[in-house]
DNA sequence: GCAAAAGTGTTCCAGCTACACCCATGA
DNA sequence: TCATGGGTGTAGCTGGAACACTTTTGC
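Protein chains in written order, with the numbering used here: chain A, 2 to 252; chain B, 2 to 252.
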């Protein structure tokens, strides 16, 4: 075995007390502006959409941007994004909110140094929140010209949603309180970007204990067909339902 | 179907032009201190350990803290944490670095408002980087008294590592360039917290294309035994190797 | 030969997909 | 009674766990 620990003494900074100046408390702090942004997603007419507003002023005038804004003085980022979203959608419509990532590229804002912490927000389908005049829903697959790095943040949020649909119950945040299985499979198809068979989705989510029958059903439409049973998610908070899909611990 | 979109007009702020003041550019910015922290993990003697330094000054004097510090003026968070880590460990030893999350609780720092963006850093096993005198490795399962919210950040990093071991090739960052399968299963056991059979791990990672044989082998020890083949990871950058463990797209 | 450690073959099982078939309803 | 859409049964596949067995070494 020749691949063992190599000693190294050629790092001039490794042994000193430089830490004092790096982690010290009292020196001239570098302060920066910090904003919270949200990728708010909703499935509308079978399509995954994101809530954007159109910038009326420079920079990036006329381009579309994520809702959000400056962090307040005594505010956490989560509280901040909730406050700011309240001016776009009724916060009671937000079924889920989680932190995505923080962008810090010095060039991401053309004028002043601004860090942005992005959140992923979800709004259940089948409601149509009132939004301001400059604000609207855009298909996540076909984004308009977007300001700053916001387009890539939307892709990041979409990616997170797709991943979590596989191993958590996050579907609860996409669906209304009650739904049929064919409606639910439509939400999954819109979010995942591929077909999801309702018949199998039903058994997967039942097996995982995510959904349950309400006992009620929906009358069939003009064209007939068997009435669809109504389901609901058993909990409306995020749970990991398939943690050990792979590499599970021994029996 | 009675569960359709409800209209709402009872939100006084939803229709106005308040966005201008929220997302406007030119007003009195609220600035805050921002730091980058790192949960640097390494498997040492079969145990997952985290790199911590002992605070010599208040606040939290005598408690242990994550390496990191203030964000510099023209610096991205990633560049910042690399710079700061260079004063603890040789950055060339860092086999992987990824952003974890940003903490913003107003009470997380007793004195001044400080946001912290945490990173997860990994150092391959079998090397022993030179670290400053106040800095050392601590078992992640048995943390010493820790400053601020750093203990919960460590748990967050550990959780991330555990999850990614299941569906990515992040093992490359825990293992040295070449290793035997029983060594590798030891790294997995240490990080996951449960036994991982070397015989099955070998087949799983070979099937996923994560590892390959080098062709060489290691002579057996005094007690005999068949010599172990040496393996390496095929790529030393993060790849998702098992994205569709569940809910995979149709054939 | 014997013990020890690595590697292989094989079986089993969970979980998901696919698809044929059955059920309930409207026109 | 037929078309339509929902629900069930079942076969098959994939991938991981478990474990017995074989191989290669030191003593």
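Ideal Cβ placement from N, Cα and C applies to all residues, glycine included.
Asked	Found
Could you confirm whether any beta carbon from chain A is found closer than 9 angstroms to the beta carbon of residue 284 (chain B)?	Residue 284 (chain B) lies beyond the range of chain B shown here (2 to 252); nothing can be said about it.
Chain B beta carbons: is any one of them nearer than 9 angstroms to that of residue 114 (chain A)?	yes
How many whole angstroms separate the CB atoms of residue 116 (chain B) and residue 104 (chain B), which I take to be in contact at a CB cut-off of 8 angstroms?	7 angstroms
Where does residue 223 (chain A) fall in DSSP's three states?	coil
DSSP on residue 172 (chain A), reduced to helix/strand/coil?	helix
Contact criterion: CB-CB distance below 9 angstroms. Does residue 210 (chain B) meet it with respect to chain A?	no
Beta-carbon separation of residue 185 (chain A) and residue 154 (chain A) under 9 angstroms?	no
Distance check for residue 206 (chain B) and residue 234 (chain B), CA to CA, integer angstroms please.	9 angstroms
In chain order, what residues of the stretch 82-108 of chain A put their CB closer than 7 angstroms to some CB of chain B?	85, 87, 88, 91, 100, 102, 103, 105, 106, 107
To the nearest angstrom, how far is it from the Cα of residue 54 (chain A) to the Cα of residue 150 (chain A)?	15 angstroms
How many Å lie between residue 237 (chain B) and residue 62 (chain A) at the Cα?	42 angstroms
Skipping 5 residues on each side, what residues in its chain have a beta carbon closer than 6 angstroms to that of residue 227 (chain B)?	none
For residue 187 (chain A), does the count of other Cβ atoms within 10 angstroms reach 16, so buried, or fall short, so exposed?	buried
Please classify residue 214 (chain A): is it buried, with 16 or more other beta-carbons within 10 angstroms of its beta-carbon, or exposed?	exposed
Can you pull the chain A neighbours of residue 75 (chain B), defined as C-beta to C-beta under 9 angstroms?	107, 114
Less than 8 angstroms between C-beta atoms, sequence neighbours within five positions excluded: which residues of the same chain meet that for residue 193 (chain B)?	163, 166
Between residue 200 (chain A) and chain B, is there a C-beta pair that is closer than 9 angstroms?	no
Please name the residue in A:231, A:40, A:181 whose C-alpha comes closest to that of residue 137 (chain A).	A:40
Judging by CA-CA distance, which residue of A:114, A:145, A:82, A:139 is the nearest neighbour of residue 121 (chain A)?	A:82
Taking a contact to mean a Cβ-Cβ separation below 9 angstroms, would you say residue 190 (chain B) touches residue 47 (chain B) in this structure?	yes
I'd like to check one pair, residue 85 (chain B) with residue 37 (chain B): are the Cβ atoms closer than 9 angstroms?	yes
Is it buried or exposed for residue 161 (chain B), if we count other Cβ within 10 angstroms and need 16 for buried?	buried
By Cβ distance, which residues of its chain are closer than 6 angstroms to residue 100 (chain A), with the 5 residues on each side in sequence left out?	120
At a CB-CB cut-off below 7 angstroms, which residues of chain B make contact with residue 118 (chain A)?	103
Taking a cut of 9 angstroms between CB atoms, which residues from the stretch 41-73 of chain A lie near chain B?	54, 56, 57, 58, 59, 60, 66, 68, 69, 70, 71, 72, 73
Taking all protein chains shown into account, do 16 or more other C-beta atoms lie within 10 angstroms of the C-beta of residue 200 (chain B), making it buried, or fewer, making it exposed?	exposed
So is residue 5 (chain A) buried or exposed if we call it buried at 16+ other beta carbons inside 10 Å?	Its pLDDT being 33, under 50, residue 5 (chain A) is placed unreliably in this model, and the coordinates cannot settle the point.
Which residues bound the beta strand (DSSP E) around residue 240 (chain A)?	It is not in any beta strand (DSSP E) - residue 240 (chain A) carries neither H nor E in the DSSP assignment.
In chain order, what are the residue ranges of uninterrupted alpha helix (DSSP H) at least 4 long that sit wholly in the stretch 133-209 of chain A?	151-168, 182-193, 199-208
What do you get for residue 125 (chain A), buried or exposed, if any count of 16 or more other CB atoms within 10 angstroms of its CB means buried?	buried
Give the range of the beta strand (DSSP E) segment to which residue 69 (chain A) is assigned.	69-71
Roughly how far, in whole angstroms, is the beta-carbon of residue 77 (chain B) from the beta-carbon of residue 107 (chain A), given that I think they are within contact range, below 8 angstroms?	6 angstroms
Within 9 angstroms of any Cβ in chain A, is that where the Cβ of residue 162 (chain B) sits?	no
Pull the bridge partners of residue 119 (chain B) from the DSSP assignment, please.	B:38, B:102
For residue 83 (chain B), does the three-state DSSP call read helix, strand or coil?	helix
Rounded to whole angstroms, what is the Cα-Cα separation between residue 175 (chain A) and residue 118 (chain A)?	23 angstroms
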